[in-house]
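One structure is given below, encoded as structure tokens.
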Amino acid sequence: MGEKIAEKDMVRLDELLADLGSQRGTLIPILQKSQEIFGYLPREVLVRISEKTGSPLSRIYGVVTFYSQFHLKPRGRNIVRSCQGTACHVRGAKGILSELKKELGLEGEEATTKDLGFTLETVACIGCCGLAPVIMVNDETHGRLVPDSVKGILDQYR
Amino acid sequence: MVIKNLDDLRKIKETAKQATSARHENGTQVIVGMGTCGIAAGARTVMTAILEEISRRGIQNVSVMQTGCIGMCQREPLVDVVRPGEPRVTYGNVKPEDVPRIISEHLVNGRIVGDLVVAKI
Amino acid sequence: MEKLARAHVLVCGGTGCSSSGSKEIIPEMRDKLKEKGMDMEVKVVETGCHGLCELGPLVIVYPEGVFYIRVKPADVDEIIENHLIKGRVVERLLYREPATLATVPDYDDIAFYKKQKRYALVNCGHINPESLEEYIGADGYEGLAKALSMKPEEVIGEVKKSGLRGRGGGGFPTGNKWQFTRAAAGDKKYVICNADEGDPGAFMDRSVLEGDPHRILEGMIICGYSVGADEGYIYCRAEYPLAIKRLQGAIKQAMDTGLLGENILGSGFNFTIHIKEGAGAFVCGEETALIASIEGRRGMPRPRPPFPANSGLWGKPSNINNVETFANIPSILRDGGDYFASQGTETSKGTKVFALTGKINNTGLAEVPMGITMREIIYDIGGGIPDGKKFKAVQIGGPSGGCLPEQLLDLAIDYESLTKAGAMMGSGGLVVMDETTCMVDVARYFLNFTQDESCGKCTPCREGTKRMLEILNRICDGHGTDDDIPLLESLASSIKAGSLCALGQTAPNPVLSTLNFFRNDYEAHIKDHKCPAGVCAAFVGYTITDNCRGCGLCKKVCPVDAITGEIKGKHLIDPNKCIKCGACQAKCPFKAIDKG
């Protein structure tokens, strides 16, 4: 099982559901905001959303697994997105991604570091193609990268 | 303020145009391109360097502003300098260490920093 | 008698330079010269004011007469070491003749802008995007004011007259779309702005949203007025946090000033706008999938008809346009449709924004009149291919588009000509590729993308793209067979014919266009077991030659620790570990790493 869920976060979830739960078309915003609170979407949270909104759990699960933004497993405190867009692809994104994996010590399909410091994922395009190759750390975009630049950038968030 | 009709809109337009031209006549503007590309290329640290340099030198009558992406990603970060009554001059690939030069050469002394300049409007 | 000095160092001791620190430079210079035993051959002289006090302290070195500015005591070492000992001028301290305003080119004269015509992007990079006043000062909301003084039908007439077509990819005439929504029965209607810019390589929408957010609001309000809607949604991808922030700010300003809300500009017309953040699914760029996503469901497309114009968001008539389309509306209303229509070609009017990326000198956004040639965009605006490499192809239209070769560079670009050439306008992303790009790898890249983003609802797209990707992987891995090319072509035509939405219908395009123009690349992989561009890992390997001096840089830069070797000894690459990223080759100062 994942980490224990803090009671105060559940209170925030209930406030959120009281605010948005009865409006139509709000499932995705509710999930987005819940993920902001918990960092990911634990089962207990999805169950609570289902109870309060009346949406079947299966439907909520269907939405969560459809969109790449939602995560069912705990994630790192910092999210590193390595852009694999066309412009980045032809300008060496592959080398940046391997350097990120090496620098974060991630093996194979692993995405999150053991200390939950970082989660590494790929993204199709972050629309910053003029500076390819680029990565995004949380909401900050870093461009014109070479493998050598990776460590310096990660260090800013360590 | 609420814009109730076309006349109100025109009034704001006039004031806005005057404000822009007044800025041009009385004070100097430094404009930093702060779209995602600019920020990714380092526009935020350049902006900080500009604000620090201006306050360090105690320069008055300068407004430091931001604008969106002008589409010249290759030259980001972009910094524009407008002196009263003069064209808007764009500098490209500006690094924080270039800022003191742009401020003292162009802003204070009106001399273009030739190796960084891109174009003027 | 004093020995004749071989060099003189003149340090300005004028009031200006002294106050900025020249007094410390003189003793420092003398001490350091003495240390090096050079005090007899180099003479340090204190001079009077040169009149360039703000650049001081000034140091001039003779006999060359080199003029250094803003010299600090810490720079003395460098001047001695480099200039006086090695005869190398210290560039960073050099005085440069100031450029004058007259020598600075105008924006309109520099190559990047000369052929551009900024219409949708006119304010981007010029106004402060967070200031409503600046937008109004740049003629903002004047198009809206004019529209509200006209009948809704007349507004639609003006949009039709402009000839504007959907800028998101399909190219459907915007005026007709508005007409359908207006004509649809229903008292509740919606306007939706598609800001889910998902095509890899396209970022013009982000640029407008970040740089000129009020323009999009104005376009949407005008649309709402003419189709009879009172509510709008902007569906923006979550990967654009700055765009969302600027939009939220703009909506608040417009609400506070009454440009959104009730009785806009005293017309009696009401309109509000909400933002919906996408949750990361490329297929949501398709209009029916986008609507499903706003409703909080899985973003899967449904068959059309009914079109959203009749049954859209929550079953109500809805008009969906993309960001760039809305960005053109305010000026069309303000200047009239005829002006817009005076630009462009017979079938494609106005301007189009292209995102220039990849192997090109000037990356960026270029807004040009329709009908311009690809050669003009790539060579005149984009400045050509870097590093003296040869142009190979330009990919246009993202995963739905195709690759155009050298021989089509003089094609006049519009919706029809591109479709005919096997590509597509798409959202206007142009990714330029040079001779080091493998076209099979590019096709595989796009198939990997569409296969990943296929929502899985219809079989041709879900299974077909997967099979095509398997074949492409096989070819790139060196296991291609003679049957693979015909098999790809037959699968492609089935997927195009059988898929439910545009994602599937266009997914085979990158494969078909590369097969059409770059068949040699495929055949080389299959028949000759070669990747001519040297990209596909199965066919290339890196080896270290005897030029290696054992500096260890390659070992340090290798992301997978595939390089071993002792300092000063020849290094070795383990081909099993090597991922062929080329980082070692780029880093090696002795050109000791071969690719073959």
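Line by line, the protein sequences give chains A, B and C.
Oh and the first sequence: position 82 is 82 in this note's numbering, straight run, nothing missing.
This note's numbering runs 1000 ahead of the 1-based position in the second sequence.
This note's numbering runs 2000 ahead of the 1-based position in the third sequence.
Glycine included, C-beta positions come from ideal geometry on N, C-alpha and C.
Three-state secondary structure (DSSP) of residue i
i, result
"Gly2504 (chain C)", "helix"
"Ser1063 (chain B)", "strand"
"Pro2589 (chain C)", "coil"
"Gly2 (chain A)", "Confidence at Gly2 (chain A) is low in this model, with a pLDDT of 48, below 50, so its placement is unreliable and no value can be given for it."
"Phe2172 (chain C)", "coil"
"Gly2358 (chain C)", "strand"
"Pro1084 (chain B)", "coil"
"Arg81 (chain A)", "strand"
"Asp2205 (chain C)", "helix"
"Thr2465 (chain C)", "helix"
"Gly1033 (chain B)", "strand"
"Asn1109 (chain B)", "coil"
"Ala2366 (chain C)", "strand"
"Gly2143 (chain C)", "helix"
"Leu2004 (chain C)", "coil"
"Arg2165 (chain C)", "strand"
"Thr112 (chain A)", "strand"
"His2529 (chain C)", "coil"
"His2083 (chain C)", "helix"
Contact check, residue i vs residue j, beta carbons under 7 Å
i, j, result
"Pro133 (chain A)", "Gly92 (chain A)", "yes"
"His71 (chain A)", "Tyr40 (chain A)", "yes"
"Ile28 (chain A)", "Ala2443 (chain C)", "no"
"Asn2310 (chain C)", "Ala2184 (chain C)", "yes"
"Val1002 (chain B)", "Thr2345 (chain C)", "no"
"Glu2254 (chain C)", "Glu2210 (chain C)", "First, the amino acid is wrong: residue 2254 (chain C) is Ala here, not Glu. In this structure, Glu2210 (chain C) does not lie closer than 7 Å to Ala2254 (chain C) by Cβ."
"Thr2564 (chain C)", "Leu2572 (chain C)", "yes"
"Thr2363 (chain C)", "Gln1074 (chain B)", "yes"
"Thr2419 (chain C)", "Asn2319 (chain C)", "no"
"Gly2382 (chain C)", "Leu2356 (chain C)", "yes"
"Gly2337 (chain C)", "Lys2161 (chain C)", "yes"
"Ala18 (chain A)", "Gly2201 (chain C)", "no"
"Ala2238 (chain C)", "Gln69 (chain A)", "yes"
"Phe2203 (chain C)", "Gly127 (chain A)", "yes"
"Gln1029 (chain B)", "Val1082 (chain B)", "yes"
"Ala1016 (chain B)", "Ile2136 (chain C)", "yes"
"Lys2276 (chain C)", "Tyr2240 (chain C)", "no"
Under 9 Å from the C-beta of residue i: neighbouring residues of chain C
i, result
"Thr119 (chain A)", "What Thr119 (chain A) touches in chain C: nothing, since even the nearest Cβ is about 14 Å away."
"Gln156 (chain A)", "Near Gln156 (chain A) there are no residues of chain C at all, since even the closest Cβ is about 18 Å away, more than 9 Å."
Chain-ordered chain A contacts of residue i [CB-CB under 8 Å]
i, result
"Gly2198 (chain C)", "Ala124 and Cys125"
"Ser2400 (chain C)", "Per Cβ cutoff of 8 Å: no residues; Ser2400 (chain C) is ~12 Å from chain A at best."
Within chain B, the residues that residue i reaches when beta carbons sit closer than 7 Å
i, result
"Gly130 (chain A)", "Cys1037, Cys1073 and Gln1074"
"Thr141 (chain A)", "Thr1036, Ile1039 and Ala1040"
"Asp2075 (chain C)", "The contacting residues do not exist; Asp2075 (chain C) stays about 15 Å from chain B at best."
"Arg144 (chain A)", "Ala1041"
"Val134 (chain A)", "Ala1040"
Under 8 Å by beta carbon: chain B residues contacting residue i
i, result
"Tyr2107 (chain C)", "Thr1090, Ala1119, Lys1120 and Ile1121"
DSSP bridge partner residues for residue i (one or two, in chain order)
i, result
"Asn2270 (chain C)", "Answer is none; Asn2270 (chain C) lacks a bridge partner."
"Ile2430 (chain C)", "One detail in the question is off: residue 2430 (chain C) reads as Leu in this sequence, not Ile. Bridge partners of Leu2430 (chain C): C:Leu2356 and C:Ile2396."
"Glu2453 (chain C)", "Its beta-bridge partners do not exist; DSSP assigns none."
"Ala1119 (chain B)", "B:Thr1090"
"Asn2321 (chain C)", "C:Cys2193"
"Thr1015 (chain B)", "Its beta-bridge partners do not exist; DSSP assigns none."
"Ile2573 (chain C)", "C:Ile2563"
"Glu2046 (chain C)", "C:Val2011"
"Ala2412 (chain C)", "C:Thr2373"
"Asp2594 (chain C)", "C:Thr2543"
"Gly2261 (chain C)", "C:Phe2271"
Interface residues of chain C facing residue i [CB-CB closer than 7 Å]
i, result
"Ser98 (chain A)", "Pro2559, Val2560, Ile2579 and Cys2581"
CB contact below 7 Å: residue i versus chain E
i, result
"Val2122 (chain C)", "The chain labelled as chain E is not found among the protein chains of the depicted structure, namely A, B and C."
Residues that residue i contacts on chain A, provided the C-beta gap is smaller than 7 Å
i, result
"Gly2280 (chain C)", "Tyr67, Ser68 and Gln69"
**Prompt:** When the Cβ atoms of the region 2145 to 2156 of chain C are set against those of the region 2261 to 2274 of chain C, are three or more pairs found closer than 8 Å?
**Reply:** yes
**Asked** For the 8 Å Cβ check, are there 3 or more pairs between the region 2220 to 2229 of chain C and the region 2465 to 2476 of chain C?
**Response** no
**Message:** I want to know whether the region 2245 to 2254 of chain C touches the region 2211 to 2218 of chain C - three or more CB-CB distances under 8 Å.
**Reply:** yes
**Request:** Check whether the region 2491 to 2508 of chain C touches the region 2444 to 2455 of chain C, counting contact only when three or more Cβ pairs, one atom from each stretch, lie closer than 8 Å.
**Result:** yes
**Asked** Taking one C-beta from the region 1032 to 1050 of chain B and one from the region 1076 to 1087 of chain B each time, how about it: are there three or more such pairs within less than 8 Å?
**Response** yes
**Item:** contact_flag[the region 2422 to 2433 of chain C, the region 2390 to 2398 of chain C] where n(CB pairs < 8 Å) is 3 or more
**Value:** yes
**Asked** Any contact of the region 2106 to 2126 of chain C with the region 2184 to 2199 of chain C, i.e. 3+ C-beta pairs under 8 Å?
**Response** no
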